[in-house]
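So the sequence shown is numbered by our numbering: it starts at 4 and just counts up by one. All C-beta atoms in this analysis are idealised placements derived from N, C-alpha and C, irrespective of residue type, glycine included. Remember, it's a predicted structure, so these values are computed and weren't measured experimentally. Please read the structure below before turning to the comments.
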Amino acid sequence: MAKRNSQAGAHGLFAFSKKERKYGINRRKETAKFNLKALDSFLKNRTPPVELSCREKDCLLYAEIIKSSQTLYLYIDGEIQDSFKVSTGKGKYETPELNLRPSGPVFIKYTSRKFPGGNYQGLGNMPYAVFLRGGYAIHGTTPGNFPKLGTKASHGCIRLHPDNAKIFNELVKVIGLENTWVSVKDSL
Numbered sequence: 004m005a006k007r008n009s010q011a012g013a014h015g016l017f018a019f020s021k022k023e024r025k026y027g028i029n030r031r032k033e034t035a036k037f038n039l040k041a042l043d044s045f046l047k048n049r050t051p052p053v054e055l056s057c058r059e060k061d062c063l064l065y066a067e068i069i070k071s072s073q074t075l076y077l078y079i080d081g082e083i084q085d086s087f088k089v090s091t092g093k094g095k096y097e098t099p100e101l102n103l104r105p106s107g108p109v110f111i112k113y114t115s116r117k118f119p120g121g122n123y124q125g126l127g128n129m130p131y132a133v134f135l136r137g138g139y140a141i142h143g144t145t146p147g148n149f150p151k152l153g154t155k156a157s158h159g160c161i162r163l164h165p166d167n168a169k170i171f172n173e174l175v176k177v178i179g180l181e182n183t184w185v186s187v188k189d190s191l
């Protein structure tokens with residue numbers, strides 16, 4: 004089982020070890036803001052995997068969301084790569100516990116029919132949305148909601164800073180829904 008790296012933060016993503024050669028990833032020591040340069044390098048140099056039948060941390064991409072800490076832990080090939088603050092559902096909109104392969108679809112930008120233009124508390128425009136099941140998705144949030152990251156504040160979805168949502172979205176697109184698993188838990 005991979006240990007959580009307490010130093011895995013905004014600049015810890017893609018600190019790959021021996022798994023680099025296995026998946027054709029070239030090590031890059033770029034520490035660009037929000038890891039976008041490292042993400043670009045990963046996406047350009049990676050060969051999509053052969054379809055696998057995986058569950059949880061056995062999947063190439065695994066996201067574990069812990070509601071008690073409002074944190075998403077991002078694993079690649081069973082090793083923690085980064086963690087991001089999230090906002091899960093609040094009150095009657097509590098995000099349910101989930102343990103599943105995302106159903107999709109995956110969008111760069113999703114606009115709700117119910118709130119077109121994001122005209123209700125920033126809802127409606129969801130950048131980098133990865134739908135998990137039904138109306139539940141992992142997606143970027145609007146600037147007005149940035150201060151709420153790390154607290155329960157959504158209507159059931161898992162909100163991320165858009166830069167972090169882009170990282171997750173791009174990884175899902177390259178690795179594939181079939182090789183991705185998401186767990187939403189109350190606590191560790």
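Can you name the start and end residues of the beta strand (DSSP E) that Asn128 belongs to?
128-136
Open item on the list: Comparing C-alpha positions only, which one of Pro165, Gly159, Val175 sits nearest to Tyr96?
Closed with: Shortest Cα-Cα distance from Tyr96 to any of Pro165, Gly159, Val175 involves Gly159.
Practice task
Can you grab the Cα-Cα spacing for the pair Glu100 / Glu181, in whole Å?
Solution key: 20 Å
### Message
Do Pro165 and Gly143 have their beta-carbon atoms positioned less than 7 Å apart in this structure?
### Response
yes
- prompt: Who are the near neighbours of Asp61 in its chain, counting only those whose CB is closer than 6 Å to its CB and skipping five residues on each side?
  reply: Closer than 6 Å at the Cβ level, and outside the excluded window around Asp61, lies no residue.
- Item | Helix, strand or coil at Lys151 [DSSP, three-state] | helix
* Asked: Anyone know if the C-beta pair for Lys74 and Ser86 falls short of 7 Å?
  -> Per the sequence shown, residue 74 should be read as Thr rather than Lys. Going by C-beta atoms, Thr74 is nearer than 7 Å to Ser86.
* On the three-state DSSP scale, how would you describe Leu64? -> strand
Requested in this report: Could you check the C-alpha separation between Asn167 and Glu59 for me, to the nearest Å?
Outcome: Each residue's Cα considered, the two are about 20 Å apart.
- prompt: Pick from Val175, Ser56, Pro146, Gly179: whose alpha carbon is nearest that of Gly163?
  reply: For the record, residue 163 in the displayed sequence is Leu; it is not Gly. Residue Pro146 is the option with its Cα nearest to Leu163.
query = Helix or strand or just coil, what does DSSP make of Gly15?
reply = For Gly15, the predicted structure reports a pLDDT of 40, less than 50, and the residue's modelled location is therefore unreliable. A value from the coordinates is still provided. It is coil, neither helix nor strand.
Beta-carbon proximity check, Ile111 vs Leu191, cutoff 7 Å: no
*State the Cα-Cα distance for the pair Phe183 and Val89, rounded to the nearest angstrom.*
This sequence places Thr at residue 183; Phe is not what is there. Per the coordinates, the alpha-carbon of Thr183 lies some 19 Å from the alpha-carbon of Val89.
Residue range of the unbroken beta strand (DSSP E) whose run includes Glu173 = If you look at Glu173, you'll find it isn't in any beta strand (DSSP E); it sits in the alpha helix (DSSP H) that goes 165-178.
Residues bridged to Gly140 (per DSSP):
The sequence given here places Ala at residue 140; Gly does not occur at that position. DSSP, once it has assigned bridges, lists Phe134 as partnering Ala140.
State the start and end residues of the unbroken beta strand (DSSP E) segment that holds Ser86. Looking at the DSSP string, the run of the beta strand (DSSP E) that includes Ser86 is 82-88.
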